[in-house]
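Those sequence lines, one after another, are chains Z and E.
Residues 1 to 416, numbered by the working numbering, are exactly what the first sequence covers, in order.
Residues 417 to 832, numbered by the working numbering, are exactly what the second sequence covers, in order.
The beta carbon of each residue, even a glycine, is placed where N, CA and C say it ideally should be.
There are 2 protein chains.
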Amino acid sequence: MAVSNPIAEFTDTPLPAEAYARFRAVVQPRVHREVVALDAALGRYLAVDVFAPVALPEFSRSAVDGFAVRASDLTRASAQSPGVLALVGESSMGRAPSVVVKPGTAVGIHTGAMLPEGADAVAMVEWTEQRGSDRVAINRPVRSGDNKIAAGEDVRQGELLLRAGRRLRPDDLGGLAAIGMVQVPVARRPVVAIISGGDEIVPAHVAPALGQVRDVNSGTLGALVEESGGVAWQLGVAPDDFQTFRGMAEQALEGAELVIVSGGSSVGSRDVTRAAVDTFGQPGVIVHGVAVRPGKPTLLAVVRGHPFFGLPGNPVSAIATFRLFVRPTLLRYLGVEEPSGCLPLTARLTSAIPPSGGREDYVQVRLFERNGEALAEPVLGKSNLIFTVVRADGYVRVPVERAGLATGELVRVWQY
Amino acid sequence: MAVSNPIAEFTDTPLPAEAYARFRAVVQPRVHREVVALDAALGRYLAVDVFAPVALPEFSRSAVDGFAVRASDLTRASAQSPGVLALVGESSMGRAPSVVVKPGTAVGIHTGAMLPEGADAVAMVEWTEQRGSDRVAINRPVRSGDNKIAAGEDVRQGELLLRAGRRLRPDDLGGLAAIGMVQVPVARRPVVAIISGGDEIVPAHVAPALGQVRDVNSGTLGALVEESGGVAWQLGVAPDDFQTFRGMAEQALEGAELVIVSGGSSVGSRDVTRAAVDTFGQPGVIVHGVAVRPGKPTLLAVVRGHPFFGLPGNPVSAIATFRLFVRPTLLRYLGVEEPSGCLPLTARLTSAIPPSGGREDYVQVRLFERNGEALAEPVLGKSNLIFTVVRADGYVRVPVERAGLATGELVRVWQY
Numbered sequence: 001m002a003v004s005n006p007i008a009e010f011t012d013t014p015l016p017a018e019a020y021a022r023f024r025a026v027v028q029p030r031v032h033r034e035v036v037a038l039d040a041a042l043g044r045y046l047a048v049d050v051f052a053p054v055a056l057p058e059f060s061r062s063a064v065d066g067f068a069v070r071a072s073d074l075t076r077a078s079a080q081s082p083g084v085l086a087l088v089g090e091s092s093m094g095r096a097p098s099v100v101v102k103p104g105t106a107v108g109i110h111t112g113a114m115l116p117e118g119a120d121a122v123a124m125v126e127w128t129e130q131r132g133s134d135r136v137a138i139n140r141p142v143r144s145g146d147n148k149i150a151a152g153e154d155v156r157q158g159e160l161l162l163r164a165g166r167r168l169r170p171d172d173l174g175g176l177a178a179i180g181m182v183q184v185p186v187a188r189r190p191v192v193a194i195i196s197g198g199d200e201i202v203p204a205h206v207a208p209a210l211g212q213v214r215d216v217n218s219g220t221l222g223a224l225v226e227e228s229g230g231v232a233w234q235l236g237v238a239p240d241d242f243q244t245f246r247g248m249a250e251q252a253l254e255g256a257e258l259v260i261v262s263g264g265s266s267v268g269s270r271d272v273t274r275a276a277v278d279t280f281g282q283p284g285v286i287v288h289g290v291a292v293r294p295g296k297p298t299l300l301a302v303v304r305g306h307p308f309f310g311l312p313g314n315p316v317s318a319i320a321t322f323r324l325f326v327r328p329t330l331l332r333y334l335g336v337e338e339p340s341g342c343l344p345l346t347a348r349l350t351s352a353i354p355p356s357g358g359r360e361d362y363v364q365v366r367l368f369e370r371n372g373e374a375l376a377e378p379v380l381g382k383s384n385l386i387f388t389v390v391r392a393d394g395y396v397r398v399p400v401e402r403a404g405l406a407t408g409e410l411v412r413v414w415q416y
Numbered sequence: 417m418a419v420s421n422p423i424a425e426f427t428d429t430p431l432p433a434e435a436y437a438r439f440r441a442v443v444q445p446r447v448h449r450e451v452v453a454l455d456a457a458l459g460r461y462l463a464v465d466v467f468a469p470v471a472l473p474e475f476s477r478s479a480v481d482g483f484a485v486r487a488s489d490l491t492r493a494s495a496q497s498p499g500v501l502a503l504v505g506e507s508s509m510g511r512a513p514s515v516v517v518k519p520g521t522a523v524g525i526h527t528g529a530m531l532p533e534g535a536d537a538v539a540m541v542e543w544t545e546q547r548g549s550d551r552v553a554i555n556r557p558v559r560s561g562d563n564k565i566a567a568g569e570d571v572r573q574g575e576l577l578l579r580a581g582r583r584l585r586p587d588d589l590g591g592l593a594a595i596g597m598v599q600v601p602v603a604r605r606p607v608v609a610i611i612s613g614g615d616e617i618v619p620a621h622v623a624p625a626l627g628q629v630r631d632v633n634s635g636t637l638g639a640l641v642e643e644s645g646g647v648a649w650q651l652g653v654a655p656d657d658f659q660t661f662r663g664m665a666e667q668a669l670e671g672a673e674l675v676i677v678s679g680g681s682s683v684g685s686r687d688v689t690r691a692a693v694d695t696f697g698q699p700g701v702i703v704h705g706v707a708v709r710p711g712k713p714t715l716l717a718v719v720r721g722h723p724f725f726g727l728p729g730n731p732v733s734a735i736a737t738f739r740l741f742v743r744p745t746l747l748r749y750l751g752v753e754e755p756s757g758c759l760p761l762t763a764r765l766t767s768a769i770p771p772s773g774g775r776e777d778y779v780q781v782r783l784f785e786r787n788g789e790a791l792a793e794p795v796l797g798k799s800n801l802i803f804t805v806v807r808a809d810g811y812v813r814v815p816v817e818r819a820g821l822a823t824g825e826l827v828r829v830w831q832y
């Protein structure tokens, strides 16, 4: 009977931060660039710093509909004693006005039109009254700069607008359009090979015989890769056979920048992964075994210059360790050295989280609101139950120095 | 001079919730289905309720490496007085074991393998000691159910797993794989036509002459449409000319399910949009003018059964009103009647937000942390400055009944 003792299996199990730091130090990613059309750039990672080629707006504009004026003509205007100016023309949309605002005159203007020479403010139409075709009365005082958008008020020429490594949002695309950058240098998506290991695993489209289970991890990990900016390359299910597995790993290293193997849940396929990695040379395995729940049997290696991840076979563990180790590594291939992302939500625990026995603990929670307060309800369940994640809205991290968490404690929740 | 008075322009300006409710009542979306492969389903909206065709797991499994036993043999086992059982075989991965666990016997088992008949628990290998090839000593008491994942522990047969309208996450794809649903019925992405209006607007790839500005909104709105699950159909820039604009609107209505026009910032192009909509018949304009800042001149119409949005030309206003009115409408075409999404973050304002004068106010904020507290710094700026959004991390809603917000108040921030 070949049941080995997992206590002896991992002699050194660092906490996740220490494990990642050791691994990170030996991974030297290269960011490859490509250029995409602006309308294909949403969610892509910018590969260059972007500077403003011009100031924005490029010329002073009116922020309202009204009359371009010289404020000095109207410092004492009021409803009782309006300032009456000669109407000398109009500033048309989309053209530089030829008319000049001299003392005692005004020019009609619409929101967004260019301010004529001489004008330093705009009187809002609401506080004016036209008198015939050639005069306008203004019922409020006007100060210099009122209702004027100054040239350069949004951005100054040469200003750094967006940094390399930024994940492009809808408004960023608007900003790039504003400066005419209609083709955008972005990081090429790294290819991530995915292998599911284990004699008990059948592809998801196959009806499992008794004792077999469908491959949950290939689909989950592929989607996590896509969500993180990579391209998923599905290599399928590997049996717990050294030669076959090693051949698949060779293929993966040939075509991918990163390789993920999610071990079958058995010791057997973990052994196969480790043995295969050990044949590929230096530096090889950096970390094998992490003080985290779920995710203890995680293997972090570097093979032929490629990050090579052996994730646990249990789906919940595979997801948790993907977030801890694969995602930040993948982001470095996209030029992101310090992942930012959303801040976590603060919520109150509705029930206690039991101690994890010397490991950093990641617990699924369901979120809801009561009386304006955010509540987090732990979704407990064994780490091979994929629907414990599906039923959750986010997760909580319990530091190793805390022996569990109590009902009513405030926790930080990272939302899915 | 054709500067009309905007005070007279909108006689009825409901608050956003009331405006949306009036509009929603006359929009009758149809959800069209299509079927996609599981690995193309990330981020798509599920078009059917999904029920479990089988229980998961389908058979009882071991949660650990160890020995399948009958707990009643080991109720008093201890290190001093271990329970010694006859080792009668092994449960191989991926196969139904032929061996049966009779009283006084044990069967070797790996994590994930099927529990043999007769066994009701698994003794972890850490607390066992093999004695020769045919006996095993167990040093701890075992209770029925220990380290066993029962059939149906994750999901029961027939259980509702995922509801129609759910936006599919990576773990959902894993769940669908677990039940063998490798092709997924999802809502077809609705086509959303986008027109930018205004004589001052030039396409983003054109260098603007003095007085002209580049089209910021087409790119921004297209990305917001894609992010919200639709397909953006870019029709380009419309001049402030009734016939041309009406022709473009006709084309849009012919090919799209929803139409967005972002008006030039001038009254002129707003007038053209309104006049064109009025020629298309009933019900036509539902709301014109909303008590919101930014976004007052928003127009909500239904034309030939299609939602037709006239958004303000200022980019910041266009983004804010897209989120308020277009996004929830678009989501109804994807089967989502009650948008859920992430809960907002609670943060402390670092400076005051001035009163908005009787309108509901949406203010950009930058988020950061200090001493473990989330802080929100308002990014003030006129609503035509796209980079005020680019510089922000989220937004705050100020209800109309509040006259601004004070420094130090706790606010809820919706993160981008």
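### Message
In the DSSP assignment, the alpha helix (DSSP H) including F242 (chain Z) goes from what residue to what residue?
### Response
F242 to G255
### Task
Say whether the region 99-111 of chain Z touches the region 57-68 of chain Z, bearing in mind that this needs 3 or more beta-carbon pairs closer than 8 Å, one atom from each stretch.
yes
### Query
Are the beta-carbon atoms belonging to E337 (chain Z) and G175 (chain Z) less than 9 Å from one another?
no
### Task
Quick one: give me the first and last residue of the beta strand (DSSP E) that F67 (chain Z) is part of.
G66 to V69
### Query
Taking 9 Å as the CB-CB limit, is L221 (chain Z) close to chain E?
yes
### Task
Could you please give the first and the last residue of the uninterrupted alpha helix (DSSP H) stretch that includes I735 (chain E)?
P731 to T737
### Message
Between the alpha carbons of G152 (chain Z) and G614 (chain E), how many angstroms are there, rounded?
### Response
22 Å
### Task
Leaving out five residues on either side along the sequence, give the residues of the same chain with a beta carbon under 7 Å from the beta carbon of G574 (chain E).
F467 and A468
### Cross-chain neighbours of R511 (chain E) in chain Z, by beta carbon under 9 Å
D199, E200, A209, L210, G211 and Q212
### Message
Which same chain residues end up closer than 8 Å to V35 (chain Z) when comparing Cβ atoms and leaving out the 5 residues on each side of it in sequence?
### Response
Q183, V184, P185 and V186
### CB contact check: D428 (chain E) to chain Z, cutoff 9 Å
no
### Message
Run through chain E and tell me which residues come within less than 9 Å of M248 (chain Z), C-beta to C-beta.
### Response
Ordered by position in chain E, no residue passes the 9 Å Cβ test against M248 (chain Z), which lies about 18 Å from the chain.
### Query
What is the residue span of the beta strand (DSSP E) that D361 (chain Z) lies within?
E360 to R370
### Query
What does a CB cutoff of less than 7 Å around A593 (chain E) pick up in its chain, not counting 5 residues either side in sequence?
L454
### Per-residue DSSP class, three states only, for G810 (chain E)
strand
### Query
The beta strand (DSSP E) with E643 (chain E) in it runs from where to where?
From DSSP, E643 (chain E) is part of no beta strand (DSSP E) but of the alpha helix (DSSP H) over N633 to E643.
### Message
Suppose you measure from the CA of V100 (chain Z) to the CA of D154 (chain Z); what does that come to, to the nearest Å?
### Response
25 Å
### Query
Among Z:P170, Z:L221, Z:G180 and Z:L210, which residue has its Cα nearest to the Cα of V192 (chain Z)?
Z:L221
#### Entry: Cβ-based neighbour list, V779 (chain E), same chain, cut-off 6 Å, excluding 5 preceding and 5 following
I769, P794 and V812
### Message
Going by DSSP in three states, E377 (chain Z) sits in which element: helix, strand or coil?
### Response
strand
#### Entry: Cβ pair count under 8 Å reaching 3, the region 134-141 of chain Z against the region 13-33 of chain Z
no
### Task
Could you tell me the distance, in whole angstroms, from the CA atom of D777 (chain E) to the CA atom of F738 (chain E)?
15 Å
### Message
Residues in the same chain with beta-carbon distance under 7 Å from E200 (chain Z), minus the five sequence neighbours each way, listed in chain order, please.
### Response
G211, Q212, V213 and G264
#### Entry: Residue burial classification, G757 (chain E) (beta-carbon count within 10 angstroms, cutoff 16)
exposed
### Task
Determine the direct distance from the alpha carbon of V272 (chain Z) to that of G357 (chain Z), and round the result to whole angstroms.
28 Å
### Message
Considering Cα atoms alone, identify which of E:M540, E:A691, E:R786 and E:F426 is closest to L343 (chain Z).
### Response
E:R786
### Task
Kindly provide the ranges of any alpha helix (DSSP H) runs that are 4 or more residues long and lie completely inside the region 321-346 of chain Z, ordered along the chain.
327-332
### Message
Out of Z:G229, Z:D215, Z:P339 and Z:R274, which one is the CA nearest neighbour of Q243 (chain Z)?
### Response
Z:R274
### Task
Could you name the residues of the region 373-396 of chain Z whose beta carbon sits closer than 7 Å to any beta carbon of chain A, in the order they occur along the chain?
In the displayed structure, chain A is absent; the protein chains listed are Z and E.
### Contacts that Q282 (chain Z) makes with chain E (C-beta to C-beta distance below 7 Å)
Going along chain E, no residue has its Cβ under 7 Å from Q282 (chain Z), so there is no contact; the nearest lies around 30 Å.
### Query
Listing by chain order, which chain E residues have their CB less than 8 Å from the CB of F59 (chain Z)?
L626 and G627
### Query
Can you tell me where the beta strand (DSSP E) with P297 (chain Z) in it begins and where it stops?
From DSSP, P297 (chain Z) is part of no beta strand (DSSP E); its letter is neither H nor E.
### Query
Measuring CB to CB, does G520 (chain E) end up less than 9 Å from A502 (chain E)?
yes
### Task
Grab me the residues of R131 (chain Z)'s own chain with a C-beta within less than 8 Å of its C-beta, minus the 5 sequence neighbours each way, in chain order.
V84 and A137
### Query
A609 (chain E) lies in the alpha helix (DSSP H); which residues open and close that run?
A609 (chain E) -> not in any alpha helix (DSSP H); beta strand (DSSP E) instead, spanning V607 to G613.
#### Entry: Length of the line joining the Cα atoms of G255 (chain Z) and A232 (chain Z)
11 Å
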